[in-house]
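Asker: Per my numbering, the sequence shown starts with residue 4, numbered consecutively.
Cβ atoms here follow ideal geometry from the backbone N, Cα and C, with glycine treated the same way.
My questions will all concern the structure given below.
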Amino acid sequence: MFIRGPDMKLMTLLQKVKEISFADKVQAAKDAVLTPAVMDVLYMLRLNRPATALLMVWPMLWGFYSPAHTHWGLMPLVVLMAVTMRSASCLYIDLYNPAIEGESDCKNARAPVLAFLVLMLALSFLLAWINGPIVMFLAICWFIMVAAYPYLHQLTWYPQAFAGVIFGGWSCLMGQGASGGLSVELVFLFLAGSFWVAAVETLKADIKRSQDAEKGVKSVALVMGTWRIPFMSSCLIATLVLLVLTGIVISAGGLFYAALMAAQMLLGTAYYGIHLNEHAAARATYGRTALAGALVVLAFMLS
4 MFIRGPDMKL MTLLQKVKEI SFADKVQAAK DAVLTPAVMD VLYMLRLNRP
54 ATALLMVWPM LWGFYSPAHT HWGLMPLVVL MAVTMRSASC LYIDLYNPAI
104 EGESDCKNAR APVLAFLVLM LALSFLLAWI NGPIVMFLAI CWFIMVAAYP
154 YLHQLTWYPQ AFAGVIFGGW SCLMGQGASG GLSVELVFLF LAGSFWVAAV
204 ETLKADIKRS QDAEKGVKSV ALVMGTWRIP FMSSCLIATL VLLVLTGIVI
254 SAGGLFYAAL MAAQMLLGTA YYGIHLNEHA AARATYGRTA LAGALVVLAF
304 MLS
């Protein structure tokens, strides 16, 4: 028996569909959604790299989950606020000097960068207003500090230390403010977030230190030379010590310290790898550091 006409075409089409692997189908769906225009927007907002996008999310959630009176239903608003504020800061830095972040070039696209900056600022202030007057006040102070941040790359070799305060310590303040108030453990938490982001920003500067040297952008990674790795390690050790002190103040249980131990082991193996193969290991370490930040969030959730 022979199949002819439309039936034959249908059978041929079904055979071709079966020959397409699941991975090819997933890739085709991804290409259909993530068009070049969409990828350009994600690239501009730093949402194409989760480790970069989450730089402020983890410290803000540290502060949010640290007190016992946390309003869990506000967590999505806190995460969205952290992401929009991080995107707004990157857009502003790109307008001032794209070489600082080293991931975007807006010389020929200043109009869309400015438009998205206004949008992210509006969303950030709206979310801060929703989270209460304390967060709104802290957000205004945060944007004032961000406005000064790009200039430090021309004035000092230690802009990553200031970045630690802005994106780490101050994020902890806003996170705990969104939870309903500020507690005594915030002193340790502020310092822990500052040291953690200082280490992350130094690592990012380490990855692109040759590029920074060519473009005249100052950073800790350039001025410290071979001492940059011990500097990052010291910052992370200080972070873990301060988190332990935070746990003591809030009377955290054993699960809190178990999660911190897991984060310490992850960071220890990651930063030791930089000594073995500096440039390749540094990029992998950036992602592992973000994962360690998530483990600290889990520690506070389990406390």
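In this structure, does DSSP put Leu217 in helix, strand or coil?
Answerer: Here residue 217 refers to the residue found at position 214 of the sequence shown. Per the sequence shown, the amino acid found at residue 217 is Glu instead of Leu. Helix.
Asker: Near Phe5, what residues of its chain come up, given a Cβ to Cβ distance below 8 Å and the 5 sequence neighbours on each side ignored?
Answerer: Here residue 5 refers to the residue found at position 2 when the sequence shown is read from its first residue. Any reading at Phe5 must be qualified, since the residue scores a pLDDT of 43, below 50, and its modelled position is unreliable; no value is offered.
Asker: For Phe191 and Gly66, what's the separation of their Cα atoms in angstroms?
Answerer: Reading the sequence shown from its first residue, position 188 is the one you call residue 191. Reading the sequence shown from its first residue, position 63 is the one you call residue 66. Using only the alpha carbons, I get a separation of about 11 Å.
Asker: Roughly how many angstroms separate the alpha carbons of Gly183 and Leu77, rounded to a whole number?
Answerer: As a position in the sequence shown, residue 183 is number 180, starting the count at 1. As a position in the sequence shown, residue 77 is number 74, starting the count at 1. Cα-Cα distance, rounded: 10 Å.
Asker: Please confirm if the stretch 121-135 is in contact with the stretch 86-94, defined as three or more CB-CB distances below 8 Å between the two stretches.
Answerer: They touch, by the three-pair rule.
Asker: Out of Ser69, Trp132, Ala297 and Ala201, point me to the one whose CA is closest to Ala262's CA.
Answerer: Counting from 1 along the sequence shown, the entry for residue 262 is found at position 259. Here the closest residue by C-alpha is Ala297.
Asker: Are there 16 or more other CB atoms within 10 angstroms of the CB of Ser174, so buried, or fewer, so exposed?
Answerer: As a first step, residue 174 must be located in the sequence shown, where it is residue number 171. Buried, because 16 or more other Cβ atoms sit within 10 Å of the Cβ of Ser174.
Asker: Quick check: Asn134 and Ala181, are their CB atoms within less than 9 Å of each other?
Answerer: Numbered from its first residue, the sequence shown carries residue 134 at position 131. Numbered from its first residue, the sequence shown carries residue 181 at position 178. Their beta carbons are under 9 Å apart, which means Asn134 touches Ala181 by this criterion.
Asker: Roughly how far, in whole angstroms, is the beta-carbon of Gln179 from the beta-carbon of Ser306, given that I think they are within contact range, below 8 Å?
Answerer: In the sequence shown, residue 179 corresponds to position 176, counting from 1. In the sequence shown, residue 306 corresponds to position 303, counting from 1. 14 Å between Cβ atoms; not a contact.
Asker: Identify whether Thr249 lies in helix, strand or coil by the three-state DSSP scheme.
Answerer: The count along the sequence shown starts at 1 and reaches residue 249 at position 246. In this structure, Thr249 counts as helix in the three-state DSSP scheme.
Asker: Pull up the distance between the alpha-carbon of Val116 and that of Met42, whole angstroms please.
Answerer: Working through the sequence shown from its first residue, we reach residue 116 at position 113. Working through the sequence shown from its first residue, we reach residue 42 at position 39. Distance between the alpha carbons of Val116 and Met42 is about 14 Å.
Asker: Would you kindly check if the distance between the Cβ of Thr205 and the Cβ of Ser186 is under 9 Å?
Answerer: Translated into positions along the sequence shown, residue 186 becomes position 183. Translated into positions along the sequence shown, residue 205 becomes position 202. Not in contact: Ser186 and Thr205 (Cβ atoms no closer than 9 Å).
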